[in-house]
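Beneath this line is the structure, given in structure tokens, with notes to follow.
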Ligand code: ADP
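In the numbering used here, the protein residues as written are 596 to 1088.
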């Protein structure tokens, strides 16, 4: 969207600046008129010879008409030049997308290593150095610039220079003829130029708005997309006892535009304070299940209930407040560590410290030069610290703990941790989850043993549910199959 609407300064951002310049031009117009009137009305004394006619009302009208015409023509020519961009808005936006994408890929630190190792800059270069690219030397806009667009622009500038010449000639001649003193020359030249500038400003801004309209179309099409997600207004009851019961009742789900069901007839009740592990192979629907629980999507069929009421009926923000989630692709920010944990600038330091301790980051925290005030990464502060993937995951877990929501959801929370750190998190898991209802997604089955219950997903359905021991005893079951497949890597060595 950004690449589509901001190219060359066109699009939504241009609207407020257009309005501002329109208002300022109108105000300048009034001032300009007030200061200029006497230029036209001042009489030339008799005896100025041929110059006497400069003071006649007819001549004043004539010269005013010429000035107005020139004032109007210049911005109209400039707008005509701009219209070549507006007429080719699709080419312009597409060119801007390529430029915005390939032109700046090398700026992202996260791509830097692969970029250098495999010379991906060559791919970017291929796109950026295309001679017939939209903005390149043989591209459509370069052709226009060398042709009609350039001519209109040049004509516009030429006309505005002619205007200045006419103004100087008229004002100086009138002063020469004795209509006013020499000191008034600069005042009149300035006021006429401002007056003409304001009229020109109004015309060019109106033209610019018209040229900008095609660039806004996409933004309005985007804004017109209806929000199909129903947002209720029911408040979520605040319960000290954290007795929030969530139930999936025959839930099926298809991603928008997809033919296939990502979830099929899922029935599940989260028992308060219990730890549920969700396991299954890649693509079996685990993440989709969590996305539905967090209302990032609504079920295609069936319903999800919170304390017996369809979650759609709740106020969305209130509903979200009962979940702390550590997504697989979570992000930390280049803020101080404490602000990352608390997700706010004013926070309870001892609580933040406690959460980091629980998540296994305590030792590292004590080594940090500014403790909780240490900036993460170098984007904001050159003395910021870079953290490893595993450390980042611990901070993300601490952030989920700080929120202290009744439900804690960990999506593959230990994928980036080394085996020692992973074992440390598991051993602390009960402590971490406390009295919360915990949902734990993993495809590393060994990490789910400590959960009260395990749900096994396969092709979008829950095919088994029970304790680790019960599921392992099920000879033909998927869980046992997955367990044995993973266990062999550890036992054969
Ligand atoms: P898991 O978390 O178990 O790896 P997912 O829930 O991510 O599985 O995916 C379940 C199914 O939904 C897969 O077939 C996947 O291809 C599909 N899917 C996931 N995300 C999308 C999406 N945004 N659009 C369309 N299909 C998707």
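We put the CB at the ideal spot given by N, CA and C, even for glycine.
What's the gap between the Cα of residue 964 and the Cα of residue 958? Along the chain shown, read from residue 1 onward, the residue named residue 964 stands at position 369. Along the chain shown, read from residue 1 onward, the residue named residue 958 stands at position 363. Cα to Cα, residue 964 sits roughly 13 Å from residue 958.
Beta-bridge pairing of residue 864 - partner residues as DSSP gives them: Within the chain shown, the letter at position 269 stands for residue 864. Answer by DSSP bridge pairing, in chain order: 842.
Would the stretch 608-628 count as touching the stretch 784-804 if we require 3 or more Cβ pairs under 8 Å? yes
Using CA coordinates, which residue listed in 703, 726 and 727 is at the minimum distance from residue 716? The residue labelled residue 716 in the question sits at position 121 within the chain shown. For the residues 703, 726 and 727, the minimum Cα distance to residue 716 belongs to 703.
Could you check what DSSP says for residue 982 in three-state terms: helix, strand or coil? As a working mapping, residue 982 is identified with position 387 in the chain shown. Coil, per DSSP.
I need the straight-line Cα distance from residue 1088 to residue 694, nearest angstrom please. On the chain shown, residue 1088 is found 493 positions in, with the first residue counted as 1. On the chain shown, residue 694 is found 99 positions in, with the first residue counted as 1. For residue 1088, the pLDDT reaches just 47, beneath the cut-off of 50, and the residue's location in the model is therefore unreliable, although a value from the coordinates is still provided. Spanning the two alpha carbons is a distance of roughly 52 Å.
Output the distance between the C-alpha atoms of residue 800 and residue 793, rounded to the nearest integer angstrom. Your numbering for residue 800 matches position 205 in the chain shown. Your numbering for residue 793 matches position 198 in the chain shown. Taking the straight line from one Cα to the other gives about 10 Å.
Given residue 885 as reference, the closest of 912, 843 and 869 once Cα atoms are compared: In the chain shown, counting from the first residue as 1, residue 885 sits at position 290. For residue 885, the nearest C-alpha among the options comes from 843.
Assign residue 609 to one of three DSSP states: helix, strand, or coil. Taking the chain shown and counting its residues from 1, the one referred to as residue 609 is at position 14. Reduced to three states, the DSSP call for residue 609 is helix.
Less than 6 Å between C-beta atoms, sequence neighbours within five positions excluded: which residues of the same chain meet that for residue 681? Taking the first residue of the chain shown as position 1, residue 681 is located at position 86. The answer, listed in chain order, is 806 and 809.
Inter-residue spacing [alpha-carbon to alpha-carbon] between residue 777 and residue 689: As a first step, residue 777 is located in the chain shown; it is residue number 182 there, counting from the start. As a first step, residue 689 is located in the chain shown; it is residue number 94 there, counting from the start. Their Cα atoms are separated by approximately 56 Å.
Can you tell me whether DSSP reads residue 666 as helix, strand or coil? For the purposes of this step, residue 666 is identified with residue 71 of the chain shown, where counting begins at 1. In this structure, residue 666 counts as helix in the three-state DSSP scheme.
From the DSSP output, read off the bridge partner residues of residue 1032. Taking the chain shown and counting its residues from 1, the one referred to as residue 1032 is at position 437. Residue 1032 pairs with 1002.
What do you get for residue 861, buried or exposed, if any count of 16 or more other CB atoms within 10 angstroms of its CB means buried? Here residue 861 is taken as the residue at index 266 of the chain shown, counted from 1. Buried, because 16 or more other Cβ atoms sit within 10 Å of the Cβ of residue 861.
Considering just the uninterrupted stretch of the beta strand (DSSP E) at residue 870, what are its terminal residues? The residue given as residue 870 occupies position 275 in the chain shown. It spans 870-875 - the beta strand (DSSP E) in which residue 870 sits, taken as one unbroken run.
Taking Cβ to Cβ, would you say residue 831 is nearer than 9 Å to residue 839? Along the chain shown, one-based indexing puts residue 831 at 236. Along the chain shown, one-based indexing puts residue 839 at 244. Using a Cβ distance threshold of 9 Å, residue 831 and residue 839 count as a contacting pair.
For the stretch 860-874 against the stretch 1046-1063, are there 3 or more C-beta pairs whose distance is under 8 Å? yes
Same chain, Cβ closer than 6 Å to residue 1079, five either side skipped, listed in chain order: Residue numbering aside, residue 1079 sits at position 484 when the chain shown is read from its first letter. Hits under 6 Å: none found.
Beta strand (DSSP E) segments (min. 3 residues) lying fully within the stretch 866-954: As far as the stretch 866-954 is concerned, its whole beta strand (DSSP E) runs of at least 3 residues are 870-875, 896-901 and 918-921.
Please work out which residues of its chain come closer than 6 Å, Cβ to Cβ, to residue 1056, disregarding the five sequence neighbours upstream and downstream, and give them in chain order. For the purposes of this step, residue 1056 is taken as residue 461 along the chain shown, with counting starting at 1. These residues qualify, in order along the chain: 859.
If distances are taken between C-alpha atoms only, which option among 1077, 743 and 1005 comes closest to residue 923? Sequence index remark: in the chain shown, residue 923 carries index 328 (1-based). Ranking 1077, 743 and 1005 by Cα distance to residue 923 puts 1005 first.
Taking the alpha-carbon of residue 950 as reference, which of 841, 1020 and 902 has the nearest alpha-carbon? As a working note, residue 950 is residue 355 in the chain shown. Of 841, 1020 and 902, the residue nearest in Cα terms is 1020.
Whose CB is closer than 5 Å to a heavy atom of the ligand ADP? List the residues in chain order. 850, 853, 857, 877, 878, 879, 880, 881, 882 and 883
Going by CA-CA distance only, name the one from 677, 788 and 773 that's closest to residue 628. Locating residue 628 in the chain shown gives position 33, counting from the first residue. The shortest Cα separation from residue 628 among 677, 788 and 773 belongs to 788.
Would you kindly work out how many angstroms separate the C-alpha atoms of residue 1074 and residue 1059, rounded to a whole number? For the purposes of this step, residue 1074 is taken as the residue at position 479 of the chain shown. For the purposes of this step, residue 1059 is taken as the residue at position 464 of the chain shown. Going from the Cα of residue 1074 to the Cα of residue 1059 covers about 8 Å.
Proximity test, Cβ basis, 9 Å: residue 859 and chain B: Among the chains of the structure shown, chain B does not appear; only one protein chain is present.
Go ahead and label residue 674 buried or exposed: buried means 16 or more other beta carbons lie within 10 angstroms of its beta carbon, across all protein chains shown. Residue 674 sits at position 79 when you count from the first residue of the chain shown. Residue 674 should be labelled buried.
Pull up the CB-CB distance for residue 869 and residue 1032, whole angstroms please, since I reckon it's below 8 Å. Looking up residue 869 in the chain shown gives position 274. Looking up residue 1032 in the chain shown gives position 437. Between residue 1032 and residue 869 the Cβ distance is about 6 Å, and since that is below 8 Å, they are a contact.
Please name the residue in 912, 916 and 814 whose C-alpha comes closest to that of residue 997. By 1-based counting over the chain shown, the position of residue 997 is 402. Closest by alpha carbon: 916.
Taking the DSSP output, what are the residues bridged to residue 1050? Residue 1050 sits at position 455 when you count from the first residue of the chain shown. Answer is 873 and 1060, bridged to residue 1050.
Pick out whichever of 795, 900 and 685 has its Cα sitting closest to the Cα of residue 812. Indexing the chain shown from 1 puts residue 812 at position 217. Among 795, 900 and 685, the Cα nearest to that of residue 812 belongs to 685.
Could you give the distance in angstroms between the alpha-carbon of residue 1067 and the alpha-carbon of residue 846? Locating residue 1067 in the chain shown gives position 472, counting from the first residue. Locating residue 846 in the chain shown gives position 251, counting from the first residue. In a straight line, the C-alpha of residue 1067 is about 27 Å away from that of residue 846.
Mind the definition here: the stretch 759-769 touches the stretch 719-738 only if three or more C-beta pairs lie below 8 Å; say whether that holds. Taking a contact to require three or more Cβ pairs closer than 8 Å, the stretch 759-769 and the stretch 719-738 do not qualify as touching.
Near residue 1016, which residues of its chain fall below 7 Å by C-beta distance, leaving aside the five closest residues on each side in sequence? Start at 1 with the first residue of the chain shown, and residue 1016 comes out as number 421. So the qualifying residues of the chain are 955 and 985.
Would the beta-carbon of residue 631 fall within 9 Å of that of residue 786? Locating residue 631 in the chain shown gives position 36, where the first residue counts as 1. Locating residue 786 in the chain shown gives position 191, where the first residue counts as 1. In contact: residue 631 and residue 786 (Cβ atoms closer than 9 Å).
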